[in-house]
């Protein structure tokens, strides 16, 4: 018998380790599950292709991984102790016998979900610069048109309208009544902002009364935040009460603690206006008085000038100027005439010389052309012993191919014309017919 570690032939129905792990891998990876657990470990580092974390409950822990593109798209930033809900499938690394959970989607579970999503969105918009102080625009001091976007039936609209009528009744109020609760509220609020801005509002109030955190969630909407940032005029928010702070408050140009405070921000009080008018009136009066004193002093200085005691002093300087310019004109005119006469004489002589030279040159050119023309004249060519032969039609004969035996020809020589008859035709190199 063998020792305690002796091996025996395996039973025919026993599986090898690889086969067993393969069966387990196939079984685990064949279905998708949803799991809720608390985050106990997080490893999200630059350079990693995936986010690694562990979720647990009171009895067990499960290692998880999520590819970076899915993790970024989820909008969740994992934190220790966070309760999350993950969807995915189990994976088994057969070489080491290790099990992992491949997460395809993740969301925060339970009560903390809303606040964490809002916090993540706030960080995202802040990173894009939508909350930067330098982006915020100044609120106009005396707006002639004020846009108000709120529920037409809530207490907020009455508080705002009452405050504006009391403090700044000369302003036109453009009211956009929209729902401020529910899933569709953000899109309606966006439409209201765009409507009052297009109607000419110089500043827009986005307000609503107090409520629970869930009631105020429409004002934590990303698209609404972007619409507020993109509004062509400044936006003032007054949402809820003093402790409440929404994403809309963070991206607005000014955040007021309440709807009433928002209305006060865009409407100067009567006391403020009266004080401003008093200051401006005094400044204007002081400026007018200063200008009058300056003008009076200037007038007193001008009155002492000699021209006001002797009116002829007005023309003394002009008379001297006229005499001066008259003398300059006389001297300059005579010199100019003499200079022009000299120029005319010089140019006349030059033209005469050029005319004679031109005539001589033209005569020589004409004589040369006449000589060339005479050399090329047909009559001179004939006089040197050449002749011109024409057929009965009067055409000049230039080749023997134009002449047939017996054809009558006319030969022009220097002193007359000879009538001939072709008794034969011979080409260059061929025997010529005898002349009988």
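Numbering (the UniProt record's numbering), first residue to last: 1 to 436.
Even for Gly, the Cβ is constructed at its ideal location relative to N, Cα and C.
Buried versus exposed, by CB contacts within 10 Å (16 or more), residue i
| i | result |
| --- | --- |
| residue 188 | buried |
| residue 325 | exposed |
| residue 111 | Because the pLDDT at residue 111 is just 49, under 50, the model does not fix this residue reliably, and the value given afterwards should be weighed accordingly. By the neighbour-count rule (16 or more Cβ atoms within 10 Å), residue 111 is not buried but exposed. |
| residue 71 | buried |
| residue 166 | exposed |
| residue 80 | exposed |
| residue 357 | exposed |
| residue 149 | buried |
| residue 147 | buried |
| residue 31 | exposed |
| residue 275 | exposed |
| residue 104 | exposed |
| residue 220 | buried |
| residue 143 | buried |
| residue 406 | exposed |
| residue 420 | exposed |
| residue 396 | exposed |
| residue 46 | exposed |
| residue 26 | exposed |
| residue 29 | exposed |
| residue 168 | buried |
| residue 238 | buried |
| residue 255 | buried |
Closest Cα partner of residue i within the set the options
| i | options | result |
| --- | --- | --- |
| residue 240 | 253, 228, 210 and 222 | 210 |
| residue 22 | 88, 97, 82 and 171 | 97 |
| residue 203 | 156, 216, 253 and 104 | 253 |
| residue 129 | 229, 35 and 246 | 229 |
| residue 235 | 196, 269 and 114 | 196 |
| residue 216 | 103, 115 and 268 | 115 |
| residue 44 | 31, 68, 26 and 27 | 68 |
| residue 135 | 250, 73, 406 and 243 | 250 |
| residue 101 | 89, 278 and 323 | 89 |
| residue 424 | 413, 408, 414 and 412 | 408 |
| residue 402 | 233, 427, 419 and 413 | 427 |
| residue 206 | 170, 246 and 213 | 246 |
| residue 404 | 335, 208, 391 and 331 | 391 |
| residue 394 | 369, 412, 261 and 297 | 412 |
| residue 56 | 49, 41 and 171 | 41 |
| residue 121 | 341, 352, 248 and 377 | 248 |
| residue 119 | 362, 260 and 75 | 75 |
Beta-bridge partners of residue i, as assigned by DSSP
| i | result |
| --- | --- |
| residue 43 | 52 |
| residue 100 | 91 |
| residue 389 | 411 |
| residue 172 | 145 |
| residue 105 | 87 |
| residue 29 | BP columns for residue 29 are empty, so no partner. |
| residue 131 | In the DSSP output, where bridge partners are listed per residue, residue 131 has none listed. |
| residue 62 | 55 |
| residue 196 | DSSP output for residue 196 lists no bridge partner at all. |
| residue 185 | Answer is none; residue 185 lacks a bridge partner. |
| residue 260 | Paired residue(s): none; residue 260 is not in a bridge. |
| residue 38 | 56 and 83 |
| residue 208 | 239 |
| residue 177 | 150 |
| residue 419 | 410 |
| residue 203 | 146 |
Whole-number beta carbon distance between residue j and residue i, since they are thought to touch under 8 Å
| i | j | result |
| --- | --- | --- |
| residue 53 | residue 92 | The pair is not a contact, with the Cβ atoms about 19 Å apart (cut-off 8 Å). |
| residue 84 | residue 39 | 6 Å |
| residue 471 | residue 410 | With the chain covering only 1 through 436, there is no way to say anything about residue 471. |
| residue 176 | residue 200 | The pair is not a contact, with the Cβ atoms about 13 Å apart (cut-off 8 Å). |
| residue 178 | residue 151 | 7 Å |
Handout entry: At least 3 beta-carbon pairs within less than 8 Å: the region 175-192 vs the region 217-224
Key = yes
Handout entry: the region 144-158 / the region 115-134 touching (three or more Cβ pairs under 8 Å)
Key = no
Exercise for the section: Say whether the region 31-40 touches the region 54-74, bearing in mind that this needs 3 or more beta-carbon pairs closer than 8 Å, one atom from each stretch. Expected result: yes
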